[in-house]
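Shown next, in structure tokens, is the structure this report addresses.
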């Protein structure tokens, strides 16, 4: 049964993954240069661009709960297509938005679509796949996102090298085309109509979304799962925020070390992400324990940073040690991300999945928002202190995930239904077999 689910393909899966990769290329073309990108495209000052992006970004966060409600009402597949269309239109309009009001309006609409997209994407995976196929799609999507963003960064570098600042306008139109093409591809995906097995069928009490977010707030195990993910999400934010700061201010290493760390992380995520996730999935491990293992690998990497920051060896040894730490950190990411994502999708009742995943996604958004001030404040006291906080947070998250196992739905904890052993009949008149007992997993 496990083999069947492992090989099962969803309708339009290749189109979905191709669309994810193409849209990731578009994202990678502007994210590394966001301030410069919008300054060049609109002609507005850096200060105005920064204020507009901050305000619209916060508005996007506030919109996420509404996006969750929209998913439950209209379906993730339909909303996914709408968001692709909005993003395509937004980037096509950016070069024409030369005034502050025009830029603010376009940026606001685009930010609402960008911030909501992760909720809709996760919900779409829940609509099109079940069981181990969800874990597989999670891993494939993340690998393609990393590869696409890396390719997008290289592509925009080439565009700017050839056309100079004018290349930013071409990049905006390229982003618009990428999102439009991704939307056309995802339109070929077909959500599942019926549960594969009875364990996937929602309980009668959750078939109607009338309770709305009150239902989410009453679900203490899911809120605890979200809280545990927030602790781990702080670790995800460390690579982009804390690593560069730590290398430059505490280790006094060259800026090239930061670039090397990012490169190693990106290459590993894109190159072996699917392989690592597949190995974990085929081991039959529970999703809670796979996610906990990823958190513990995070904790190990953070403890190693403390040791490195205490010893502070020569530049050569520091570079080798740092790259080894990044490898361990990346393995933690590759193990945690697919299991944690599939766990959240499967733990959410189908009728209110959008609201549940909007709540879960806030754990990432809140961690991303808090990370800069938290890390800079701690590193000002001692360069090793933020790593100690992150190590404790990751360890607590791992413990919480394991403790939550009995309180989460079985179909969320297990990628495949647990194997049962039925007592053999002793004869024709023996009657029904003894009650099956779940095997140890």
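Residue numbers (the working numbering): 1 to 441. Built from N, CA and C at the ideal position, the CB exists for glycine as well. None of these values were measured; they are calculated from a predicted model.
How many whole angstroms separate the CB atoms of residue i and residue j, which I take to be in contact at a CB cut-off of 8 Å?
i, j, result
"residue 147", "residue 270", "4 Å"
"residue 76", "residue 124", "4 Å"
"residue 119", "residue 68", "6 Å"
"residue 88", "residue 183", "7 Å"
Does the beta carbon of residue i sit closer than 8 Å to a beta carbon anywhere in chain B?
i, result
"residue 130", "Although the question refers to chain B, the structure presented lacks it and comprises just one protein chain."
Please classify residue i: does DSSP put it in a helix, a strand, or coil?
i, result
"residue 407", "helix"
"residue 219", "coil"
"residue 313", "coil"
"residue 113", "helix"
"residue 10", "coil"
"residue 189", "coil"
"residue 382", "coil"
"residue 167", "helix"
"residue 416", "coil"
"residue 44", "coil"
"residue 250", "coil"
"residue 369", "helix"
"residue 289", "helix"
"residue 348", "coil"
"residue 143", "helix"
"residue 15", "helix"
"residue 322", "helix"
So, at 7 Å on beta carbons, what are the nonlocal neighbours of residue i in its own chain, with the 5 sequence-adjacent residues on each side left out?
i, result
"residue 46", "35 and 39"
"residue 378", "385, 386 and 389"
"residue 15", "185, 186, 188 and 189"
"residue 129", "10 and 137"
"residue 312", "251"
"residue 109", "86 and 90"
"residue 55", "none"
"residue 315", "253"
"residue 242", "375 and 386"
"residue 48", "100"
I'd like the list of long-range same chain contacts for residue i, defined as Cβ closer than 6 Å, with 5 residues on each side in sequence excluded.
i, result
"residue 293", "335"
"residue 160", "167"
"residue 190", "11 and 12"
"residue 339", "287, 290 and 291"
"residue 6", "Low confidence applies here, because residue 6 scores a pLDDT of 45, under 50, leaving its location unreliable and the question unanswered by this model."
"residue 277", "139 and 338"
"residue 157", "none"
"residue 37", "30 and 168"
"residue 365", "61"
Would you say residue i and residue j are within 8 Å of each other, going by their C-beta atoms?
i, j, result
"residue 343", "residue 412", "yes"
"residue 121", "residue 80", "yes"
"residue 397", "residue 231", "yes"
"residue 363", "residue 224", "no"
"residue 308", "residue 261", "no"
"residue 52", "residue 107", "yes"
"residue 400", "residue 228", "yes"
"residue 355", "residue 216", "yes"
"residue 274", "residue 380", "no"
"residue 116", "residue 149", "no"
Taking 8 Å as the limit between beta carbons, can you name the residues of its chain near residue i, skipping five residues before and five after?
i, result
"residue 404", "221, 224, 225, 228 and 288"
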